[in-house]
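Residue 84 is where the sequence shown starts when you use this note's numbering, and the numbers rise one by one after that.
Where is the CB? At the ideal position from N, CA and C, for every residue including glycine.
Only a predicted model underlies this, so the values are computations on that prediction, with no experimental measurement involved.
In what follows, a structure is listed as structure tokens, so that the remarks can point back to it.
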Amino acid sequence: MADPTAPAQTVHHLFSYGTLQLPEVQLSQFGRLLQGTADALPGHRMTTIQITDPAVIEASGTDRHPLVVVSTDPDDAVEGQVFTISDDELAMADAYEVDDYARGEVTLRSGTRAWVYLERRNAEQTVGVREWLRSLEVFAGPLADFDPAAAPADPVELFLGWLREAVAVGVPDPHAMTLSTVGEDGGPDARVLILKNVDGDGWQFAVHAGSPKGRQLADRPRAALTFYWPLLGRQVRVRGAVEPAPAEQSAADLLARSSSARAEVLLGRQSEHLADTEERDRALRTALARIESEPALVSPEWRLCTLVPTAVEFWQADKGRLHDRLRYERPDRHSAWERHALWP
Ligand SMILES: Cc1cc2nc3c(=O)[nH]c(=O)nc-3n(C[C@H](O)[C@H](O)[C@H](O)COP(=O)(O)O)c2cc1C
84 MADPTAPAQT VHHLFSYGTL QLPEVQLSQF GRLLQGTADA LPGHRMTTIQ
134 ITDPAVIEAS GTDRHPLVVV STDPDDAVEG QVFTISDDEL AMADAYEVDD
184 YARGEVTLRS GTRAWVYLER RNAEQTVGVR EWLRSLEVFA GPLADFDPAA
234 APADPVELFL GWLREAVAVG VPDPHAMTLS TVGEDGGPDA RVLILKNVDG
284 DGWQFAVHAG SPKGRQLADR PRAALTFYWP LLGRQVRVRG AVEPAPAEQS
334 AADLLARSSS ARAEVLLGRQ SEHLADTEER DRALRTALAR IESEPALVSP
384 EWRLCTLVPT AVEFWQADKG RLHDRLRYER PDRHSAWERH ALWP
């Protein structure tokens, strides 16, 4: 076992109000008995949660684990012990604590700054937003593999392969993407949209021509799309020019949508200030009635758009932070794609 005072390792203070104070838990988790000093966490009180991790239940001998929460009574304090441990031992403690807990730094009654495990949902109240955010996991996976050297010559083929995998593993809304445009003031604007199609021409989505994004694209027909599939740790970024599809294609896309979606398009006031919800509901009822009486009615404002890419980047997260990146680049739609690996 590493000596916690050895110079190569940072010395940490860990405040325990629970099972890490038990000698048998210390021996099984750290392979040694820790030297503890009595201390307390002011402004908090103790409660318990039921845990389900069999390994932790076996090591601790109980499925009820104590938990501290912020108390409404400032005189409350949670008593416990503070231990001095090494980097390696802190990692061991992280592995011991179940996913319901987040580690955050607190100031103890003695003035010592120490790590403490708090219920993840309530950690923000005790440790502040910054620490709470730092405690949240990213790239929890299970992550996918990606070998840029084996990637196909066509980015559409790779994109569809990744999209199929995202669907297969159950990524929610796998066809939702962030569409970034250039605003009328020259600044960026972005929102989430649903992908309509991908083919040799590019990535397709639809907008109302009168909406902010519709006006922005008419003004500056360039955009970026970003997909993120967290379960696989994958991101795809697409950039290029945006071209409106022929009117009959836009009409066909709109007619294939539900009556309520078509009625919403007929309203045509997307992103305007809404002063009166009754006015909105009345307008929606009128639009629905029009669609019922004129089933072939289409709003000429509905635009199917194709983002014709000049760059498509595939990004695969790696637990060791050596993320794999591959960017397909071409100067225009008539040129062949070049592939470049990118630094993480
Ligand atoms: C998952 C998701 C999917 C969405 N899909 C669409 C869509 O397909 N079309 C659309 O106009 N807005 C969609 N929205 C709403 C847009 O993000 C946005 O609020 C709206 O289009 C107005 O954008 P704008 O003011 O920039 O024009 C979606 C939002 C989410 C969260």
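Beta-carbon proximity check, residue i vs residue j, cutoff 9 Å
i	j	result
residue 126	residue 157	yes
residue 122	residue 164	yes
residue 98	residue 189	yes
residue 167	residue 110	no
residue 264	residue 322	no
Local conformation of residue i per DSSP, three classes
i	result
residue 188	strand
residue 113	helix
residue 287	strand
residue 358	coil
residue 384	coil
residue 99	strand
residue 377	coil
residue 84	Reliability fails at residue 84, whose pLDDT of 49 lies under 50, so the model's placement of it is uncertain and no value is given.
residue 230	coil
residue 323	strand
residue 222	coil
residue 122	strand
residue 407	strand
residue 245	helix
residue 259	strand
residue 132	strand
residue 353	coil
residue 209	helix
residue 430	The structure shown does not extend to residue 430, since the chain is modelled only from 84 to 427, so the question has no answer here.
residue 364	helix
residue 392	strand
residue 108	helix
residue 199	strand
Proximity test, residue i beta-carbon vs ligand 3 heavy atom, cut-off 8 Å
i	result
residue 356	In the structure on display, ligand 3 does not appear, and the ligands it does have are ligand 1.
Buried or exposed by the 16-neighbour rule on C-beta atoms within 10 Å, applied to residue i
i	result
residue 317	buried
residue 409	buried
residue 423	exposed
residue 253	exposed
residue 402	exposed
residue 133	exposed
residue 267	exposed
Neighbourhood of residue i by C-beta, 6 Å cutoff - its chain only, sequence neighbours within 5 removed
i	result
residue 238	395, 411
residue 231	407, 409, 424
residue 179	112
residue 297	290, 291
Chain-order list of residues whose beta-carbon lies under 8 Å from that of residue i (same chain, five-residue window excluded)
i	result
residue 406	398, 399, 400, 427
residue 84	The predicted position of residue 84 is uncertain, since its pLDDT is 49 and thus under 50; no value can be drawn from it.
residue 404	427
residue 170	92, 93, 95
residue 421	411, 412, 413
Same chain, Cβ closer than 7 Å to residue i, five either side skipped, listed in chain order
i	result
residue 311	318
residue 161	100, 123, 124, 127, 128, 129, 151
residue 250	257
residue 381	334, 337, 338
Min CB distance residue i to chain D below 9 Å
i	result
residue 319	Looking at the structure shown, chain D is missing, and only one protein chain is on hand.
Are there three or more Cβ pairs, one per stretch, closer than 8 Å when the stretch 331-346 is compared with the stretch 363-379? Enough Cβ pairs lie closer than 8 Å, so yes.
Would you be able to state if there are at least three C-beta pairs under 8 Å between the stretch 380-391 and the stretch 199-207? Not touching, per the Cβ criterion.
With contact counted as at least three CB pairs below 8 Å, one residue from each stretch, are the stretch 215-224 and the stretch 270-289 in contact? Judged by Cβ distances under 8 Å, the stretch 215-224 makes no contact with the stretch 270-289, as fewer than three pairs qualify.
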